[in-house]
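Trainee: Below you'll find the structure I mean.
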Amino acid sequence: MSNLFRLIGRRLVALPVMVLGVTLLVFVVMSFSSADPARLALGESATPDALEQYRVAHHLNDPLLQRYWDYLVGLAHGDLGTSFTGVDTSQRVAEAFPITLQLTFIGIFAAVIVATILGIIAALYRDKWQDQVIRVISIACLATPSFWLALLLIQWFSTVPGGTGTFPALVAEWVPLDEDPAAYVNQIFLPALAIAVPNAGSLTRVVRTAMVEELDRDYVRTAIGGGVPRNVVVARNVLRNALITPLTVLGLRFGYAMGGAVVIEMIFNIQGMGKLIFEGITRNDVNVVQGVSITVALAFIIINIVVDMLYVLVNPRIRSI
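All residue numbers in the sequence shown are consecutive under my numbering, ending with 330.
Below, the structure is given as structure tokens:
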């Protein structure tokens with residue numbers, strides 16, 4: 010148990026360092042933006058004196074390190090700054106981020122279920138026709154870009170001319186699950202499917218490879234030779250040990266899926282982080298772009314730390330590391 014606490018402690022100690030690095034990188038990159046926050050806030054007709062007063066009032070003339078420190082202090086209090094329109098960035102992120110998170114989680118969850126089933130079947134029937142069929146399907150899914158698949162799904166199954174009319178092509182207004190479950194499923198099905206398919210293809214190959222490597226180990230042959238049923242060995246030992254590598258990839262795929270969800274949201278007009286950062290970029294709103302980038306980056310870091318903790322549940326041997 011002490012080894013488990015040390016493992017958790019190392020991850021928690023590394024968390025502030027990674028957070029500090031991410032915030033510093035995003036802040037420095039955004040500081041090179043050519044957009045003038047004072048000009049964006051006051052308009053093109055603002056006088057030089059008014060612009061200067063705005064810069065002084067919002068500490069825009071302070072040195073970079075001082076501004077970064079002020080930003081960290083605000084970030085520690087949940088303040089991501091204010092957009093040039095006067096709207097609190099933290100409030101806008103708080104409204105948009107849960108939508109992106111739900112879309113990503115549902116897409117990845119569906120991908121994990123499908124990939125686990127197909128990967129196990131492919132490994133158990135290695136080099137047979139089942140394995141060959143699953144290999145072709147997984148490679149086809151892996152090679153399919155999410156945004157292209159999203160467009161095809163709209164063309165085939167949405168309310169556009171020629172589609173089945175089953176699902177909406179665009180989400181006019183996001184409906185939470187607790188308000189109308191049927192409308193929620195209807196609006197999120199196609200976007201989640203567009204995220205799930207490429208990730209399912211990638212994870213299927215990983216699960217299949219990990220299972221094959223584990224099935225070739227000596228303890229599997231020894232257990233089966235000793236009379237233990239093959240299905241029992243696979244369920245109790247092989248599957249558990251083989252999940253370590255897919256878990257590692259899953260943490261990375263979740264980050265990629267969240268980035269892909271931003272693009273998918275733009276295609277389906279979902280009011281998530283994708284639409285928010287698009288508005289920030291088109292309007293040169295530095296605080297909005299900075300707030301979205303830092304939020305997504307921090308979510309990626311935290312999710313990967315949670316995945317590290319899952320290693321312990323899957324394989325207790327890691328507790329001794």
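For every residue, glycine included, the Cβ atom is placed at its ideal position computed from N, Cα and C.
Here the structure is a predicted model, which means the values were calculated and not measured.
With a cut-off of 8 angstroms, do at least 3 Cβ pairs link the stretch 112–132 to the stretch 265–281?
Mentor: With the cut-off at 8 angstroms, the stretch 112–132 and the stretch 265–281 touch.
Trainee: So, for E223: in the same chain, excluding its five sequence neighbours on each side, which residues have a beta-carbon less than 6 angstroms away from its beta-carbon?
Mentor: V247, N250 and A251, listed in sequence order.
Trainee: Can you look up F41 in the DSSP assignment and give me helix, strand or coil?
Mentor: In this structure, F41 counts as coil in the three-state DSSP scheme.
Trainee: Nearest-angstrom Cα distance between H68 and R76?
Mentor: About 7 angstroms.
Trainee: Could you name the residues that DSSP lists as bridge partners for F176?
Mentor: DSSP, once it has assigned bridges, lists S167 as partnering F176.
Trainee: Just how far apart, CA to CA, sit V243 and R101?
Mentor: Their backbone Cα atoms lie some 48 angstroms apart in a straight line.
Trainee: Sort out for me which residues DSSP pairs T383 with in a bridge.
Mentor: Because residue 383 is not part of the residues shown, which for the chain are 10 to 330, the question remains open.
Trainee: Could you check if A132 is buried or exposed, using at least 16 other CB atoms within 10 Å of its CB as the buried criterion?
Mentor: A132 should be labelled buried.
Trainee: Cα separation between A209 and A124?
Mentor: The alpha-carbon atoms of A209 and A124 are separated by roughly 5 angstroms.
Trainee: Taking 8 angstroms as the threshold, find out whether the stretch 278–291 comes into contact with the stretch 301–315 through three or more Cβ pairs.
Mentor: Yes, since at least three Cβ pairs between the stretch 278–291 and the stretch 301–315 fall closer than 8 angstroms, the two stretches touch.
Trainee: Less than 8 angstroms between the C-beta atoms of A159 and A203, yes or no?
Mentor: Cβ distance < 8 angstroms, so A159 and A203 count as in contact.
Trainee: What are the complete alpha helix (DSSP H) segments, minimum 4 residues, inside the stretch 266–311?
Mentor: 282–291, all fully within the stretch 266–311.
Trainee: Buried or exposed: where does L259 fall if 16 or more other Cβ atoms within 10 Å of its Cβ makes it buried?
Mentor: By the 10 Å Cβ count, L259 comes out buried.
Trainee: Grab the span of the alpha helix (DSSP H) containing L69 for me, first residue to last.
Mentor: No alpha helix (DSSP H) contains L69, which DSSP labels as neither H nor E.
Trainee: Can you look up E222 in the DSSP assignment and give me helix, strand or coil?
Mentor: In this structure, E222 counts as helix in the three-state DSSP scheme.
Trainee: According to the Cβ coordinates, are R135 and V221 closer than 8 angstroms?
Mentor: Contact flag set, yes.
Trainee: Note down, in chain order, each residue of its chain lying with its Cβ closer than 6 angstroms to the Cβ of A306, except the 5 sequence neighbours on either side.
Mentor: Excluding sequence neighbours, A306 sits near V31.
Trainee: Short of 7 angstroms in beta carbon distance, which residues of its chain neighbour V298, apart from the five on each side in sequence? Order them along the chain.
Mentor: Result list for V298: M39, I286, G289 and I290, in chain order.
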